[in-house]
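Protein chains in written order, with the working numbering: chain A, 680 to 914; chain B, 680 to 914. For each residue, glycine too, the CB sits at the ideal point set by N, CA and C. These numbers come from a predicted model, not from an experiment. Structure first, commentary second.
Number of protein chains: 2
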Amino acid sequence: MVWSGLLWKNMANSSTDRRSRQPDVTRDKLLKAAFEEIYRRGFQSASLDTILAQAGLTKGALYHHFPDKASLGYAVVDEVVRGFLLERWGVLEPRTGDPLTALQRVLQRRAAGITTREVELGCPLNNLAQEMSPLDQRFRRAVAATFDTWTGAVAKDLERGQAEGLVRRDVDARKVAGFIVAAIEGSFGLAKSARSAAMLRSSLEVLGSFLDSLRPVQRKSQKAPDKPAPRKRRV
Amino acid sequence: MVWSGLLWKNMANSSTDRRSRQPDVTRDKLLKAAFEEIYRRGFQSASLDTILAQAGLTKGALYHHFPDKASLGYAVVDEVVRGFLLERWGVLEPRTGDPLTALQRVLQRRAAGITTREVELGCPLNNLAQEMSPLDQRFRRAVAATFDTWTGAVAKDLERGQAEGLVRRDVDARKVAGFIVAAIEGSFGLAKSARSAAMLRSSLEVLGSFLDSLRPVQRKSQKAPDKPAPRKRRV
DNA sequence: ACCGTTACAGACCGGATGGTATGTATAGTA
DNA sequence: TACTATACATACCATCCGGTCTGTAACGGT
Chain A
680 MVWSGLLWKN
690 MANSSTDRRS
700 RQPDVTRDKL
710 LKAAFEEIYR
720 RGFQSASLDT
730 ILAQAGLTKG
740 ALYHHFPDKA
750 SLGYAVVDEV
760 VRGFLLERWG
770 VLEPRTGDPL
780 TALQRVLQRR
790 AAGITTREVE
800 LGCPLNNLAQ
810 EMSPLDQRFR
820 RAVAATFDTW
830 TGAVAKDLER
840 GQAEGLVRRD
850 VDARKVAGFI
860 VAAIEGSFGL
870 AKSARSAAML
880 RSSLEVLGSF
890 LDSLRPVQRK
900 SQKAPDKPAP
910 RKRRV
Chain B
680 MVWSGLLWKN
690 MANSSTDRRS
700 RQPDVTRDKL
710 LKAAFEEIYR
720 RGFQSASLDT
730 ILAQAGLTKG
740 ALYHHFPDKA
750 SLGYAVVDEV
760 VRGFLLERWG
770 VLEPRTGDPL
780 TALQRVLQRR
790 AAGITTREVE
800 LGCPLNNLAQ
810 EMSPLDQRFR
820 RAVAATFDTW
830 TGAVAKDLER
840 GQAEGLVRRD
850 VDARKVAGFI
860 VAAIEGSFGL
870 AKSARSAAML
880 RSSLEVLGSF
890 LDSLRPVQRK
900 SQKAPDKPAP
910 RKRRV
């Protein structure tokens, strides 16, 4: 049986098929496998041989797509971890309505959907931040850029909330945004050390109550706002 | 010139003196050098040769005092990092008076005394927690035990504050204590990634204002407490 | 059909690393 | 003083790891 090249090009052939070559698919395999290994062992201890074995590829493929191990790591941050994180924390979602309530919903959603794997391995971005920041400037910048995107989005939300009277105006939105992200990452970090999903949930819960403290105070002799009064939640 | 063994035993001889042997001093040198190298590069990437070179010792000394690299790491956590951290965060200090104000003072003291090195390298305990928790159970337990000591002390403070009417009684002291420590570590982590002492200070500042929100609410028609009313601080 | 380029496979290499084996001087003890 | 255990120093080893080099089959253009 003879297959024309044109037909092959349009086929979504299986990964076990060695007869055709798809550079972008190969690259994706490398990135996925590298992310896994880095997530598990850290970047420095991540073994290229392990990555290649899991990807079903060899050194030739790796060093065709990336000049060295570090560049593979940068690509993992930019093309895998970044999207992973921003998606998971709702940064990419449309932002409307009460930002504090929206943030609390995201926290609750994440607290509810925590996996054992996530508790044990922590946040992949934070892992890389702590390991690589002092050792590699490009790594640090790539990681910090993602954190900036995240905190920037939260800050924007808070500022919008302030403009709409949903957030106290006497708070510095950017400082608070940085604190919120720091508290989230810290909560994951402590929970990872304790190997406790319960600790993670309780910390995120306290963070949620902190968000309530950012709501405007109810003035006595004043018209009630369109939003219901902030419920006092047990911290 | 002849020295008696007794005299030698009671002398604090200099580190350059090779004629006498002091096992505990040697062990301390190993621990100090190991802490430095681990703090800079992480445990897995810490080189024993580098540690020994900095300590002015050799493999023989190392493997006489420790069975393997991992055990050296455990000892560093238990005998160096733990004390370092508990001292730096005032866990070992006598605990009296208003716990929230005391905590805020510690935060301010740490925020004011931050060094460039600390911003770049972060918290040594948190570094080890993030790197080693998934890889080595003994490491994880040693680190988690120190975090527990810390959060436990904070929780005790908060509970005492609650008993004395200085802290709101509707908060879960242990959950809040965990959150506080998590927020501190997260703040150091984010600042390390951003390489920004300013970010660290602002995050700790927001944390300080969060502590204010834990103070009891002032009832209108009631006698004022002996402590001054909580000042509303700009978050 | 031919040919240059692309996309890998696979063998190989130098260096670094954790760990071991052995040697040796010192300290304690009888 | 003689002996034994301690406290190291030094040379050495096996392994792993990042990276290179070469070979080769598939693809695209002419």
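{"query": "Give the list of continuous alpha helix (DSSP H) stretches no shorter than 4 residues that lie fully inside the stretch 833-897 of chain B.", "result": "852-873 and 876-891"}
{"query": "Could you check which residue in F763/B, C802/B, R819/B and A823/B has the C-alpha nearest to that of I925/B?", "result": "Residue 925/B lies beyond the range of chain B shown here (680 to 914); nothing can be said about it."}
{"query": "Within a Cβ cutoff of 8 Å, which residues of the same chain sit near L800/A, ignoring the five residues on either side of it in sequence?", "result": "Y718, R719, N806 and K871"}
{"query": "For the structure I just gave you, are there three or more beta carbon pairs, one from the stretch 783-800 of chain A and one from the stretch 872-882 of chain A, closer than 8 Å?", "result": "yes"}
{"query": "Note down the Cα distance separating I793/A from L804/A, rounded to an integer number of angstroms.", "result": "16 Å"}
{"query": "To which residues of the same chain is F858/A closer than 6 Å at the C-beta, ignoring the five residues directly before and after it?", "result": "none"}
{"query": "Looking only at its chain, what residues have a beta carbon closer than 8 Å to the beta carbon of E810/B, apart from the 5 residues adjacent to it on each side?", "result": "G721, F722 and Q723"}
{"query": "Leaving out five residues before and five after L919/A in sequence, what residues of the same chain have Cβ atoms less than 6 Å from its Cβ?", "result": "Nothing in the structure corresponds to residue 919/A, since chain A is present only between 680 and 914."}
{"query": "Does the Cβ of A915/A have 16 or more other Cβ atoms within 10 Å, making it buried, or fewer, making it exposed?", "result": "Residue 915/A falls outside the range modelled here, since chain A spans only 680 to 914, and no answer is possible."}
{"query": "When the cut-off is 7 Å and only beta carbons count, does F668/A lie next to chain B?", "result": "Residue numbering for chain A in the displayed model covers 680 to 914; residue 668/A lies beyond these limits and cannot be assessed."}
{"query": "How should T737/B be labelled, buried or exposed, when 16 other C-beta atoms within 10 angstroms of its C-beta is the threshold for buried?", "result": "exposed"}
{"query": "Starting from I717/B, trace the alpha helix (DSSP H) in both directions and tell me its first and last residue.", "result": "P702 to R720"}
{"query": "Is L771/A closer than 7 Å to L779/A when the C-beta atoms are compared?", "result": "no"}
{"query": "Under 7 Å between C-beta atoms, does S726/B make it to chain A?", "result": "no"}
{"query": "Quick one, are the C-beta atoms of S812/A and A861/B less than 7 Å apart?", "result": "no"}
{"query": "Once DSSP output is grouped into helix, strand and coil, what is the label at T794/A?", "result": "coil"}
{"query": "Anything in the stretch 858-869 of chain B with a Cβ closer than 9 Å to a Cβ of chain A? List those residues in chain order, please.", "result": "F858, I859, V860, A861, A862, I863, E864, G865, S866, F867, G868 and L869"}
{"query": "Tell me where the alpha helix (DSSP H) around G739/B begins and ends.", "result": "K738 to H744"}
{"query": "Quick one: residues in its chain with C-beta nearer than 6 Å to the C-beta of K708/B, no 5 flanking neighbours on either side, listed in chain order?", "result": "A734"}
{"query": "Over what stretch of residues does the alpha helix (DSSP H) that includes D728/B continue unbroken?", "result": "L727 to A734"}
{"query": "Whole angstroms are fine: how far does the CA of V755/B sit from the CA of K748/B?", "result": "11 Å"}
{"query": "Under 7 Å between C-beta atoms, does K835/A make it to chain B?", "result": "no"}
{"query": "So with Cβ pairs under 7 Å, would you call L800/A a contact of chain B?", "result": "yes"}
{"query": "Which chain B residues sit within Cβ distance under 8 Å of G721/A?", "result": "G721, Q723 and E810"}
{"query": "Measure the Cβ-Cβ separation of L786/A and L727/A and say whether it is below 7 Å.", "result": "no"}
{"query": "Buried or exposed: which applies to R819/B, given that a residue is buried once 16 or more other Cβ atoms fall within 10 Å of its Cβ?", "result": "buried"}
{"query": "Going along chain B in order, which residues have a C-beta closer than 9 Å to the C-beta of R767/A?", "result": "Here the premise fails: no neighbours, minimum Cβ distance about 17 Å."}
{"query": "Taking all protein chains shown into account, do 16 or more other C-beta atoms lie within 10 angstroms of the C-beta of T825/A, making it buried, or fewer, making it exposed?", "result": "buried"}
{"query": "Any beta carbon of chain B sitting closer than 7 Å to that of S750/A?", "result": "no"}
{"query": "Rounded to whole angstroms, what's the CA-CA distance from E843/A to R784/B? Just pull it up for me.", "result": "35 Å"}
{"query": "Could you give the first and the last residue of the continuous alpha helix (DSSP H) run that contains R774/B?", "result": "Careful: R774/B lies outside any alpha helix (DSSP H) and carries neither H nor E."}
{"query": "How many Å lie between K711/B and R894/A at the Cα?", "result": "48 Å"}
{"query": "Whole angstroms is fine: what's the gap from E838/B's alpha carbon to V704/B's?", "result": "41 Å"}
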